[in-house]
Amino acid sequence: MKKLISSILVLMLMLALVACGGNSAGSEGSEASAEPSVITVGVVQTNANESDWRTANTKSFNEAFTEAGYETKMVFGEGDHAKQISQAQQLIQEEVDYLVVLGLQSAGWEDVAKASMEAGIPFIMADRKLELPEDLYTAMVCSDFEAEGNKAVDWLKSQAIDDCKIVVLGGDTGSSAQLGRSKAIEDGAGANGWDIVFNQNMKGWDETLAKQAVADLIASGKEFNVVYAENDNMARGACDAMDAAGITYGKDGAVTVIAFDANKWALEKVLAGEFNLDVECNPLHGPRIVKLINSLEAGETVEKNAYVDEEMFDCDTITQEIVDARTY
Ligand code: GZL
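Residues in the sequence shown are numbered consecutively from 4, following this note's numbering.
Written out as structure tokens, the structure is:
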């Protein structure tokens, strides 16, 4: 937005120079050629090596922003919300043109968002919606995590499994992705009389922590017949633990496996019948944010809250063609 104002001022100045320079000596060919300045985008990312989803997400930003000719300033909170806040404040001080935030936590962003907007820097939420009033952000390009969870709940209901005993492997506590997906299964269990026998959030969406949690659960003798893992990596960790204990899972197994993200490697597992269901959470936000910034640069009105269209993949209907066509 700042660039738009400065561009108009430069244009007016140039027109003024041309208008009064027509009959003064030395004016011919003396117009300043104002090079359009490079757009700088600050990105406050969660963790560099959080998950395969995050890797694809970071790659998407970097590729799209490079192609668009933006300068990218990407920083990583590495599990520390306070660090993300200070990183965002630093990017505001550096006067980036746009601030894109992917919050580790959904709460606690009011002061930063206010400072950004007051500095004339559009505050954009990507991936995870933050708890902010609409006057404190410019636009949101996110997933609807509760809707993702509800898709899984509706699917699980359709399976008509007797005496559902569910293990919930949650993502980072307090992230909107974890809050939405956990709410869906907790509400679904209450509405359908399912029993959640384990419900813990794995710090950093960590695959190894998920594997250990399920191994400990198996060792304790706790019975379960559904694993609801809030991302693909944790679902794979749970499957590794079940393999080690000789517990069958998937399409023809004793335990039904539900995952989120739909990474290509995970969809191969759906096709192989190892995962029963994978709910898409699309990480390719780079082109979406470029489109948004270009519209803002052009002075166009943009959609305030844009949710990403996402589908889900069932081991009974997925095909190799579907898997081959996936792009992350
Ligand atoms: C969801 C995203 C989550 C993914 C995880 O949009 O924030 O974080 O589901 C990722 O895989 O680590």
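Backbone N, C-alpha and C define an ideal beta-carbon position, used for all residues, glycine too. Since the model is a prediction, treat every value here as computed from it, not as a measurement.
task: Could you pull out every residue in the same chain whose Cβ sits closer than 8 Å to the Cβ of S119, ignoring the five residues on either side in sequence?
output: Taking the first residue of the sequence shown as position 1, residue 119 is located at position 116. Same-chain partners within the cutoff: A91, I95, L102, P125, F126.
* To do: Per DSSP, which residues does K267 bridge with? Please list them.
  => Here residue 267 corresponds to residue number 264 of the sequence shown, with the count starting at 1. As computed with DSSP, K267 is found in no beta bridge at all.
For the beta strand (DSSP E) holding D319, just list the boundary residues, first then last.
In the sequence shown, residue 319 corresponds to position 316, counting from 1. Unbroken run through D319: none, as it is neither H nor E.
(Q) For a test of the three-state rule: what should DSSP assign to G32, helix, strand or coil? (A) Here residue 32 refers to the residue found at position 29 when the sequence shown is read from its first residue. Because the pLDDT of G32 is 42, which lies under 50, any placement of that residue in the model is unreliable, and the question is left without a value.
Q | Close-in-space but distant-in-sequence residues of the same chain around P290 (CB under 8 Å, 5 per side omitted) | A | Here residue 290 refers to the residue found at position 287 of the sequence shown. Here the set comprises S63, A67.
- Task: Express the C-alpha separation of K294 and E303 in angstroms, rounding to a whole number.
- Result: Stepping through the sequence shown from its first residue, residue 303 is reached at position 300. Stepping through the sequence shown from its first residue, residue 294 is reached at position 291. Straight-line Cα distance between these residues: approximately 11 Å.
### Task
Quick one: residues in its chain with C-beta nearer than 6 Å to the C-beta of E149, no 5 flanking neighbours on either side, listed in chain order?
Translated into the one-based positions of the sequence shown, residue 149 becomes position 146. Within the same chain, E149 has close Cβ partners G183, K186, A187.
Fill in: Under 8 Å between C-beta atoms of V282 and V230
As a first step, residue 282 is located in the sequence shown; it is residue number 279 there, counting from the start. As a first step, residue 230 is located in the sequence shown; it is residue number 227 there, counting from the start. In this structure, V230 does not lie closer than 8 Å to V282 by Cβ.
* From this set, W197, E98, E306, which residue's C-alpha is nearest C167's C-alpha? -> By 1-based counting over the sequence shown, the position of residue 167 is 164. With distances taken between CA atoms, C167 lies nearest to W197 out of W197, E98, E306.
- Just checking, does the region 320 to 330 make contact with the region 157 to 167 on the three C-beta pairs under 8 Å criterion? Short answer: they don't touch.
Exercise for the section: From the DSSP output, in three-state form, read off T69 for me. Expected result: Numbered from 1 along the sequence shown, position 66 holds the residue referred to as residue 69. In the structure shown, T69 sits in a helix (DSSP, three-state: H, G or I).
| request: Find the nearest neighbour of P286 within the set F227, D235, N60, judged by alpha-carbon distance. | output: In the sequence shown, counting from the first residue as 1, residue 286 sits at position 283. Considering only alpha carbons, the answer is N60.
Item to check | Which residues DSSP lists as bridging D198, in chain order | outcome: Here residue 198 refers to the residue found at position 195 of the sequence shown. Looking at the DSSP assignment, D198 forms a beta bridge with K168.
- Residue environment, D56, which counts as buried when at least 16 other CB atoms sit within 10 Å: By one-based count along the sequence shown, residue 56 stands at place 53. What sits at residue 56 in the sequence shown is Trp, not Asp. It counts as buried.
Report task. Quick one: give me the first and last residue of the beta strand (DSSP E) that E149 is part of. Result -> Locating residue 149 in the sequence shown gives position 146, counting from the first residue. Taken as a continuous stretch (DSSP letters only), E149 belongs to no beta strand (DSSP E), being part of the alpha helix (DSSP H) at 148 to 162.
**Asked** Beta-carbon separation of G72 and I88 under 8 Å?
**Response** As a first step, residue 72 is located in the sequence shown; it is residue number 69 there, counting from the start. As a first step, residue 88 is located in the sequence shown; it is residue number 85 there, counting from the start. Cβ atoms of G72 and I88: not closer than 8 Å.
> Among all the DSSP beta bridges, which residues are the ones paired with E283?
Replying inline: Within the sequence shown, residue 283 is the residue found at index 280, counting from 1. Bridge pairing for E283: D264 [DSSP].
Could you tell me the boundaries of the alpha helix (DSSP H) in which E210 lies? To locate residue 210, count along the sequence shown from 1; it is residue 207. For E210, the enclosing alpha helix (DSSP H) begins and ends at 210 to 222.
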